[in-house]
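Worksheet for the structure shown next.
There are 2 protein chains.
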Amino acid sequence: MATLERIHLEIVRAVAQHGSLTAAAERLHLTQSALSHTVRKLEDQLGLAIWYREGRSLRPTQAGEYLLTVSNRLLPQLIHAEDRLQQFAQGERGNLRIGMECHPCYQWLLKIVSPYLAEWPDVDVDVKQKFQFGGIGALFGYEIDMLVTPDPLYKTGLTFVPVFDYEQVLVVGPQHPLRGTKYVLPKQLSDETLITYPVAIERLDIYNLFLTPESIAPKRHKIIETTDIMLQMVASGRGVAALPRWLVEEQSIRFDVAPVKLGPRGMAKQIFLGFREADVGIDYLRAFVDQARTHRDNLRYL
Amino acid sequence: MATLERIHLEIVRAVAQHGSLTAAAERLHLTQSALSHTVRKLEDQLGLAIWYREGRSLRPTQAGEYLLTVSNRLLPQLIHAEDRLQQFAQGERGNLRIGMECHPCYQWLLKIVSPYLAEWPDVDVDVKQKFQFGGIGALFGYEIDMLVTPDPLYKTGLTFVPVFDYEQVLVVGPQHPLRGTKYVLPKQLSDETLITYPVAIERLDIYNLFLTPESIAPKRHKIIETTDIMLQMVASGRGVAALPRWLVEEQSIRFDVAPVKLGPRGMAKQIFLGFREADVGIDYLRAFVDQARTHRDNLRYL
DNA sequence: ACGAATCAATTACTTTTATTCATGAGACGA
DNA sequence: TCGTCTCATGAATAAAAGTAATTGATTCGT
């Protein structure tokens, strides 16, 4: 019979991170001896080894690997809970951890965040972009509190609210033959170089809603991380990309690029904010959604 | 600066459950005094109160409520980790926590579980049916390891595998006018009493795929928990229900009920097994999926 | 409205646990 | 092969957690 204590999780994690008990001890402000004792006791209680002792180094056993995944999952949650309690104590509101699942949304988010921060001076906003199990998983796993995503999921436990409507368009450079045409058809892209963000093809709308249904693929597919570079590539004639119209129009001052409608009816898209239903009571979270909604309503009257 | 220890989570939880420090102390095999000390120290370190002291009873503060949700989320995960380590130590494989999101699947599950248990004597199988945040949330939140569901979710972090194809049919009793007809149309149900399991209407296929698209509602909607009672009700002419064909045929020996096709083409359904991608390496989990797949293939050759 | 019962808080004390210090044994590289 | 790095160990000590006994307040039953 053994009880997993927080210190055990800390040790497993620190050892994995620093490679040795000695280094882990330093990081945890303890002596190597203290860790050795604690580890021995835990291993005795569990009746199994957490590390293979190979010479003077430690290699995790199967159980050790497992404990590591548990630690990596639970420790951040404990730490976040402490932070939040700390904030309660200081009368602060807390922090809002926002996850982003769509690259160009970042520009949009900035416009929401600045008035929000002004209105809620005692709420901190974190923005995360990488999740082990995707945005939905991050919400369920309490890694983030709010998710900005183009594809919502109406399921128990989560709420999604549409906060932004936009048109996804093709972006072309100055010399491009498609420039100025009313719209583009899928087959017209079969000889183009398509530039996208580094995400799985199944998550790219230009494939899902445009190319794949017609069984068409572009000649080449280039991957670029940042919007700026992407637009530079397009402006210099190296390829075409699919981006929100508002973003293209905003950036057309800086780069010589132009939007072209995708298909005769265009490609309508929405951005959603998602959060845990359990959190609806948190006022500053609600306020963020309201802020985003207000922004949307303002655009409507343009 | 305060560190949340496991004992703090235990205390918060036990107090919420038993209503008093004294009762909580007993449950944790400690004296009331010990808890009082620990609580005071934690509250001092945090700089805030976890409970309001009202007379001789404790009512959680906002911080206390928050701590309780954290405890309820994290403690079960710690306990499960301990169990699993224990199982590692004893050479056992572990347990497979299966969540069920569809009522009649239970019959199907039984057929998979028994050969599985025989093949994996050192794996225990738990079946859970209630989840705070739905089946998907339970998977992400490590409440369960496998989900049996009719609606999968192809998203990062989870894998869904179809394991069972069936036809959803209308079940009618012995005197029912629809008995023996080729198929039933939505409007033919507008004067019937429909019996279903107690789940939200949006999750019932008979509504989603059959009635709602034609804007038709049954005359009455009765809710029954168990399949047996449901079939008894149908057999005695109290209403009709929608169930898998195989189940109806199996039970038609015990109850005088008959299946009727839903619409001219019938209603084709699938059951899926879902699990965390992070767990694909776990052999006994994989084996369960294989078991289910094998069962499916066997049915194909009938 | 009174007395018994119950509850949390506190103090002083005890026990248990965690941590350190000093040291040893084995592995590794120069 | 020596110096240095690793983790393990035992005894000593510091720190923490726990108990017992008591108090004061509140609640409940009669």
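These protein sequence lines map, in sequence, to chains X and V.
In this text, residue positions in the first sequence follow this note's numbering: the first is 855, and each later residue adds one.
In this text, residue positions in the second sequence follow this note's numbering: the first is 855, and each later residue adds one.
Backbone N, C-alpha and C fix where the C-beta goes; we use that ideal spot for every residue, glycine too.
For Ile998 (chain X), count the other beta carbons within 10 Å of its own beta carbon; 16 or more makes it buried, fewer makes it exposed. Which is it?
The count along the first sequence starts at 1 and reaches residue 998 (chain X) at position 144. The residue in question, Ile998 (chain X), is buried, as its Cβ has 16 or more Cβ neighbours within 10 Å.
Use the C-beta contact count for Val1002 (chain V): other C-beta atoms within 10 angstroms, 16 or more gives buried, fewer gives exposed.
Position 148 of the second sequence, counted from the first residue, corresponds to residue 1002 (chain V). Per the 10 Å Cβ criterion, buried.
Using 10 angstroms around the beta-carbon of Met855 (chain X), count the other beta-carbons present and answer buried if the total reaches 16, otherwise exposed.
On the first sequence, residue 855 (chain X) is found 1 positions in, with the first residue counted as 1. Under this definition Met855 (chain X) is an exposed residue.
May I have the straight-line CA-CA distance separating Asp978 (chain X) from Val869 (chain X), to the nearest angstrom?
Within the first sequence, residue 978 (chain X) is the residue found at index 124, counting from 1. Within the first sequence, residue 869 (chain X) is the residue found at index 15, counting from 1. Going by the C-alpha atoms only, they are around 31 Å apart.
For the 8 Å Cβ check, are there 3 or more pairs between the region 945–965 of chain V and the region 885–898 of chain V?
no
Of the choices V:Val1114, V:Glu936, V:Asp1019, V:Asp1110, whose alpha-carbon is the least far from that of Glu897 (chain X)?
As a working mapping, residue 897 (chain X) is identified with position 43 in the first sequence. That would be V:Glu936, whose Cα lies nearest to the Cα of Glu897 (chain X).
What in chain X is Cβ-close to Tyr920 (chain V), meaning under 9 Å?
As a position in the second sequence, residue 920 (chain V) is number 66, starting the count at 1. Those within 9 Å of Tyr920 (chain V) in chain X are Ala935, Arg938, Leu939, Phe942.
Tell me the rounded alpha-carbon separation between Gly846 (chain X) and Ala1112 (chain X).
Within the shown structure, residues of chain X are numbered from 855 to 1156, placing residue 846 (chain X) beyond reach of any answer.
Return the chain-ordered ranges of every beta strand (DSSP E) run that is complete within the region 884–943 of chain X and spans a minimum of 3 residues.
Segments of the beta strand (DSSP E) lying fully in the region 884–943 of chain X: 905–908, 911–914.
Name, please, each residue of chain V whose Cβ falls closer than 8 Å to the Cβ of Thr857 (chain X).
Taking the first residue of the first sequence as position 1, residue 857 (chain X) is located at position 3. Those are Arg860, Glu936, listed as they occur along chain V.
Can Thr885 (chain X) be considered in contact with the ligand NAD, in the sense that its beta carbon sits closer than 7 Å to one or more heavy atoms?
The ligand NAD is not part of the structure shown, which contains no ligands of any sort.
Please identify the residue among V:Glu955, V:Gln916, V:Ile952 whose C-alpha is closest to the C-alpha of Leu939 (chain X).
The residue given as residue 939 (chain X) occupies position 85 in the first sequence. Out of V:Glu955, V:Gln916, V:Ile952, V:Gln916 has the C-alpha closest to the C-alpha of Leu939 (chain X).
Nearest CA to the CA of Pro1072 (chain X): which residue from X:Glu1046, X:Pro1006, X:Met1084, X:Lys895?
If you number the first sequence from 1, residue 1072 (chain X) lands on position 218. For Pro1072 (chain X), the nearest C-alpha among the options comes from X:Glu1046.
Counting Cβ pairs, one atom from each stretch, are 3 or more of them under 8 Å apart for the region 951–965 of chain X and the region 912–928 of chain X?
no
Where do the ends of the alpha helix (DSSP H) carrying Gly989 (chain X) lie?
Counted from its first residue, the first sequence places residue 989 (chain X) at position 135. Here the alpha helix (DSSP H) through Gly989 (chain X) covers 988–994.
Once DSSP output is grouped into helix, strand and coil, what is the label at Ile1077 (chain X)?
The residue given as residue 1077 (chain X) occupies position 223 in the first sequence. Residue state, collapsed to three classes: strand.
Apart from the five residues just before and just after Leu963 (chain V), which ones in its own chain have a Cβ nearer than 8 Å to its Cβ?
The residue given as residue 963 (chain V) occupies position 109 in the second sequence. Within the same chain, Leu963 (chain V) has close Cβ partners Ile952, Met954, Val981, Val1002.
Beta-carbon separation of Leu875 (chain X) and Leu902 (chain X) under 8 Å?
The sequence position of residue 875 (chain X) within the first sequence is 21, counting from 1. The sequence position of residue 902 (chain X) within the first sequence is 48, counting from 1. Cβ atoms of Leu875 (chain X) and Leu902 (chain X): not closer than 8 Å.
Say whether the region 1094–1112 of chain X touches the region 981–995 of chain X, bearing in mind that this needs 3 or more beta-carbon pairs closer than 8 Å, one atom from each stretch.
Using a C-beta cut-off of 8 Å, the region 1094–1112 of chain X makes no contact with the region 981–995 of chain X, since fewer than three inter-stretch Cβ pairs fall below that distance.
Starting from Gln1022 (chain X), trace the beta strand (DSSP E) in both directions and tell me its first and last residue.
Translated into positions along the first sequence, residue 1022 (chain X) becomes position 168. Per DSSP, Gln1022 (chain X) belongs to the beta strand (DSSP E) from 1012–1026.
Is Pro847 (chain V) near Asp1110 (chain V), with beta carbons less than 8 Å apart?
Look at the range of chain V in this structure, 855 to 1156, and you will see that residue 847 (chain V) is not part of it.
For Pro1040 (chain V), does the count of other Cβ atoms within 10 angstroms reach 16, so buried, or fall short, so exposed?
Along the second sequence, read from residue 1 onward, the residue named residue 1040 (chain V) stands at position 186. Result: buried.
Beta-carbon within less than 8 Å of Gly1091 (chain X)'s beta-carbon, same chain only, minus the 5 sequence neighbours each way: which residues are those?
Counted from its first residue, the first sequence places residue 1091 (chain X) at position 237. Gly1027, Pro1028, Gln1029, His1030.
May I ask you to list, following chain order, the residues of the region 1008–1030 of chain V that have a beta carbon less than 9 Å from some beta carbon of chain X?
Tyr1008, Lys1009, Thr1010, Gly1011, Leu1012
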